[in-house]
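Protein chains in written order, with the numbering used here: chain A, 36 to 302; chain B, 36 to 302.
Glycine included, each C-beta is placed from N, C-alpha and C at the ideal position.
Since the structure comes first, as structure tokens, the remarks are kept for the end.
This is the structure in structure tokens:
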């Protein structure tokens, strides 16, 4: 470990890291913060992603394996005081590890190709927790990639990174695609594009999901706008058997993505 | 609307409502708070549940239908200042409607009978958002009831009520059951009791879900303890096809409950 403990919350290094909590600065620096042992572990598995790792003395003891791994990979590790960590971490109970990471997203043309069998697209999804959970679920369901349209939340948002539980580092993620362009690319790559929306005529049980499929998920409150529905091949709803009005976005996405995964594997 | 606007945050009525944000007082008064138009609407559909409705002048205009419905049912409606509403509401952007409701839960023996086909049981679930989302999903999947064991979060917690999106008022909910007793009742009622756990030998695709089934969901971080797994008929995991370590509790529950709903309907 080089250098002494960083204790000054106003030091330039803390400020340089802290500014990454704002999207404008993330986009400018092309870097973001990954917090906690799980995210840091997954980030370290990739080459040239972690730029610097901040750790408290306590976390250094508890997560010695991660610190060693970082040092082995030539990543500078900086011990920081609890006060500095509180400044960098965005959770109420910071776990003492924050990594500055380089952007990891992939161009649409690389993430979506004719080899893709299952893709999740987030259009107008605004809640970072939901978006991160969908990334995690898409990863679990074996999706090939996740596409965030230009009107969706930033996947590098701290809450989104946390909710993804490392999945942001697992599968190709596309950012800021205009919807029409993304849908066209999905179709050109041979995927059937299905909008998941409560207004769908067909239910999940009525459609054949055995072929390559891209699911489009919309806004938490108002779903998908007409102009996006019109671009897709079909609009499909998760059947509601009880009295609930609808499902939460992330749970609806889980039901759709796993229905696809199952149908493709049974095909 | 009787009386004038309530503006004093220290008034006994505001204090009597405010104390319901704490579990100990809820249990003492056998009442809880339901916030926002969706929860209030669903609560008003039941008889003798809403004891009193607080509304801001603004919400009164926007949700005139709900106010009328409350008055028609003989529910006292009290206009409150924004300051009083902020004191009662537990969200950052309160929507101007808070109802004091009587407890709505059901004894285990009424909620779980031989007529039940699908039951969700929450054992050691601690996050109120997750618990509420599971209630909402269970409702959507057509479950007959939801059982909260004694080591789980209080379903009357404000965050849980909100995340349930009204489902707390839709289906029978059992509270504070000792696990062994609940599992016994489920078995005696003819349900196969399946623990959803990443340690399961069988995956969701390997088990026959066409019969009456109860799903047991565990803690967000550490799943289900050995002694609970031992009580169940089988331990089943949601298959992970990608690199994700696990699924979020609420999304795993959604995949399991919908797999059951589908299998029962196709049987």
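Run down chain B in chain order and give the residues with a C-beta less than 8 Å from the C-beta of residue i.
i              : result
residue 205(A) : 277, 278 and 279
residue 283(A) : 168, 171, 172, 198, 200 and 285
Mind pulling the chain A residues with CB within less than 9 Å of residue i?
i              : result
residue 267(B) : Result: empty, since nearest Cβ-Cβ is about 22 Å, beyond 9 Å.
residue 240(B) : 297, 300 and 301
residue 117(B) : Correct list: empty, because the minimum Cβ distance to chain A is about 23 Å.
Confirm, please, whether the CB-CB distance from residue j to residue i is below 9 Å.
i              : j              : result
residue 171(B) : residue 122(B) : no
residue 198(B) : residue 165(B) : yes
residue 230(B) : residue 196(B) : no
residue 86(A)  : residue 155(A) : no
residue 294(A) : residue 279(B) : no
residue 249(A) : residue 151(A) : yes
residue 277(A) : residue 205(B) : yes
residue 255(A) : residue 162(A) : yes
residue 73(B)  : residue 200(B) : yes
residue 90(A)  : residue 113(A) : yes
residue 203(A) : residue 167(A) : yes
Quick one: measure Cβ to Cβ for residue i and residue j, integer angstroms, because I've assumed they're closer than 8 Å.
i              : j              : result
residue 139(A) : residue 218(A) : 23 Å between Cβ atoms; not a contact.
residue 105(B) : residue 79(B)  : 6 Å
residue 143(A) : residue 209(A) : 5 Å
residue 76(B)  : residue 137(B) : 17 Å between Cβ atoms; not a contact.
residue 274(B) : residue 244(B) : In fact, because the Cβ distance is near 14 Å, the residues do not count as touching under 8 Å.
residue 94(A)  : residue 130(A) : 7 Å
residue 207(A) : residue 227(A) : With 8 Å as the limit, residue 207(A) and residue 227(A) do not qualify as a contact, their Cβ atoms being about 20 Å apart.
residue 266(B) : residue 215(B) : 6 Å
Does any heavy atom of the ligand FAD sit closer than 8 Å to the C-beta of residue i?
i              : result
residue 200(A) : Among the components modelled here there is no ligand, and therefore nothing to report on the ligand FAD.
CA-CA distance, residue i and residue j?
i              : j              : result
residue 51(B)  : residue 194(A) : 35 Å
residue 107(B) : residue 82(B)  : 12 Å
residue 37(B)  : residue 92(B)  : Residue confidence is low: residue 37(B) scores 49 on pLDDT, short of 50, so the model does not pin down where it sits. Its coordinate-derived value is still stated next. Cα to Cα, the separation comes out at about 13 Å.
residue 124(B) : residue 223(A) : 49 Å
residue 212(A) : residue 220(B) : 52 Å
residue 41(A)  : residue 111(A) : 13 Å
residue 7(B)   : residue 178(B) : It is not possible to answer for residue 7(B), since the shown part of chain B is limited to 36 through 302.
residue 263(A) : residue 191(A) : 24 Å
residue 132(B) : residue 120(B) : 8 Å
residue 181(A) : residue 298(A) : 19 Å
residue 302(A) : residue 282(B) : 24 Å
residue 188(B) : residue 160(B) : 6 Å
residue 169(B) : residue 48(A)  : 43 Å
residue 96(B)  : residue 117(B) : 14 Å
residue 300(A) : residue 253(B) : 28 Å
residue 257(B) : residue 103(B) : 47 Å
residue 126(B) : residue 88(A)  : 35 Å
residue 57(A)  : residue 68(B)  : 35 Å
residue 60(B)  : residue 145(B) : 26 Å
residue 55(A)  : residue 242(A) : 43 Å
residue 3(B)   : residue 183(B) : One cannot answer for residue 3(B) here, as it falls past the ends of chain B, which runs 36 to 302.
residue 296(A) : residue 261(A) : 27 Å
residue 43(A)  : residue 101(A) : 24 Å
residue 45(B)  : residue 45(A)  : 41 Å
So which residues of chain A does residue i contact, with C-beta pairs closer than 8 Å?
i              : result
residue 290(B) : 289, 290 and 293
Taking residue i as the query, report the chain A residues whose CB atoms sit under 7 Å from its CB, ordered along the chain.
i              : result
residue 177(B) : 276 and 277
Counting Cβ pairs, one atom from each stretch, are 3 or more of them under 8 Å apart for the segment 265-273 of chain A and the segment 234-242 of chain A?
yes
On the three-pair Cβ rule with 8 Å, is the segment 272-292 of chain B touching the segment 277-294 of chain A?
Three or more beta-carbon pairs drawn from the segment 272-292 of chain B and the segment 277-294 of chain A are found closer than 8 Å, and the two stretches are therefore classed as touching.
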